[in-house]
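In what follows, a single structure is set out as structure tokens and then discussed.
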Amino acid sequence: MGIMDLPNGQSNVTTFAATASEKSSSSESLSDKASSELKKSFDAVVFDVLKVTPEEYAGQITLMDAPVFKAIQPEELSSCGWNKKEKHSSAPNAVAFTRRFNQVSFWVVREILHAQTLKIRAEVLSLYIRTAKKLCDMNNLHAVMAVVSGLQSAPIFRLTKTWALLSRKDKAAFEKLEYLMSKEDNYKRLRDYIRSQSMTSCIPYLAAKHQRDMC
Numbered sequence: 001m002g003i004m005d006l007p008n009g010q011s012n013v014t015t016f017a018a019t020a021s022e023k024s025s026s027s028e029s030l031s032d033k034a035s036s037e038l039k040k041s042f043d044a045v046v047f048d049v050l051k052v053t054p055e056e057y058a059g060q061i062t063l064m065d066a067p068v069f070k071a072i073q074p075e076e077l078s079s080c081g082w083n084k085k086e087k088h089s090s091a092p093n094a095v096a097f098t099r100r101f102n103q104v105s106f107w108v109v110r111e112i113l114h115a116q117t118l119k120i121r122a123e124v125l126s127l128y129i130r131t132a133k134k135l136c137d138m139n140n141l142h143a144v145m146a147v148v149s150g151l152q153s154a155p156i157f158r159l160t161k162t163w164a165l166l167s168r169k170d171k172a173a174f175e176k177l178e179y180l181m182s183k184e185d186n187y188k189r190l191r192d193y194i195r196s197q198s199m200t201s202c203i204p205y206l207a208a209k210h211q212r213d214m215c
């Protein structure tokens with residue numbers, strides 16, 4: 001599962017804009033007036049994102065993920081249908097669950113890159129780290145991996161100046177999430193975590209659950 005590609009090369013344009021902003025906060029190719037209006041437009045969107053708490057995001061993401069996960073039929077998993085050419089017919093619900101993963105990952109990347117200043121970008125980055133932690137507390141491991149994957153993607157991970165503005169607490173939280181969700185030894189840490197928590201219910205990350213055991 002990975003982050004979906006943007007149509008018409010939009011990801012390249014957005015990534016370039018964010019990277020350029022990292023290099024210089026004053027570099028502009030537009031007139032001062034046009035640039036100012038553009039920043040206001042982008043920042044308005046980002047500020048809306050920041051008005052919602054990590055708890056609220058985690059709750060809403062989980063509410064959206066749960067029915068999609070519950071719709072998956074056992075045979076879709078036992079047959080590893082989502083890995084086959086005819087996946088849309090053999091495992092439609094598993095494919096929909098994968099689509100949810102991609103939507104969340106892309107959303108994380110998009111909102112961080114849309115921020116036009118380092119300060120705001122760091123605040124949005126912090127928001128998503130805290131959201132991932134809340135998702136972990138809620139046992140929505142599917143969404144935890146989606147958010148972490150977005151934060152680990154090249155367009156975000158290379159924003160070194162943005163990462164440098166994070167608090168020690170946020171950095172430590174992200175490192176713990178990275179450690180937990182590591183692919184090492186086929187997600188052994190995540191498997192051990194699930195067993196140690198004696199979870200009565202969770203929304204699992206299916207790759208960790210089935211990749212070695214069934215596919």
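So the sequence shown is numbered by full-length UniProt numbering: it starts at 1 and just counts up by one. Yeah, the Cβ is synthetic: ideal placement off N, Cα and C, and Gly gets one too.
Alpha carbon to alpha carbon, what distance is there between residue j and residue i?
i: Ile156; j: Gly150; result: 7 Å
i: Asn186; j: Leu141; result: 15 Å
i: Gln197; j: Phe106; result: 29 Å
i: Ala207; j: Gln73; result: 16 Å
i: residue 217; j: Thr53; result: With the chain covering 1 to 215 only, the question about residue 217 has no answer from this structure.
i: Leu159; j: Phe69; result: 33 Å
i: Val104; j: Ile120; result: 20 Å
i: Thr98; j: Lys183; result: 17 Å
i: Glu55; j: Ala91; result: 31 Å
i: Lys169; j: Pro67; result: 33 Å
i: Ala115; j: Val49; result: 10 Å
i: Ala143; j: Lys51; result: 20 Å
i: Leu38; j: Leu118; result: Low local confidence applies: a pLDDT of 46 at Leu38 is under 50, so the model's placement there is unreliable, with the coordinate-based value given in what follows. Near 16 Å, if we compare the C-alpha coordinates of Leu118 and Leu38.
i: Arg130; j: Asn102; result: 19 Å
i: Ser153; j: Tyr193; result: 24 Å
i: Leu63; j: Ser201; result: 14 Å
For the alpha helix (DSSP H) containing residue i, name the first residue and the last one.
i: Cys202; result: Unbroken run through Cys202: none, as it is neither H nor E.
i: Ile61; result: Pro54 to Lys70
i: Ser182; result: From DSSP, Ser182 is part of no alpha helix (DSSP H); its letter is neither H nor E.
i: Gln73; result: Gln73 -> no alpha helix (DSSP H), and no H or E assigned at all.
i: Ser149; result: Leu141 to Gln152
i: Lys161; result: Thr160 to Ala164
For my contact list, residue i and residue j are in at a C-beta cut-off of 8 Å; report their separation, rounded to the angstrom.
i: Arg189; j: Leu180; result: 6 Å
i: Ala58; j: Leu166; result: So it is not a contact: roughly 19 Å between Cβ atoms.
i: Asn139; j: Ile203; result: 7 Å
i: Arg110; j: Asp65; result: About 19 Å separates the two Cβ atoms, so there is no contact after all.
Using C-beta distances below 7 Å, list every residue in its chain close to residue i, excluding the 5 sequence neighbours before and after it, in chain order.
i: Arg195; result: none
i: Val108; result: Tyr128, Val147, Gly150 and Leu151
i: Ala122; result: Thr162, Leu165 and Leu166
i: Val124; result: Val46, Val49, Leu50, Glu111, Ile112 and Ala115
Looking only at its chain, what residues have a beta carbon closer than 6 Å to the beta carbon of residue i, apart from the 5 residues adjacent to it on each side?
i: Lys133; result: Ala173
i: Met145; result: Met181 and Tyr205
i: Leu177; result: Ala132 and Val148
Give me, in chain order, the residues of the same chain whose beta-carbon lies closer than 8 Å to that of residue i; leave out the 5 immediate sequence neighbours on both sides.
i: Asp137; result: Ala58
i: Ser126; result: Leu166, Ser167 and Asp170
i: Ala96; result: Val68 and Ala71
Residue ranges of each alpha helix (DSSP H) run of no fewer than 4 residues wholly in the segment 81 to 136, ordered along the chain?
87 to 90 and 92 to 114
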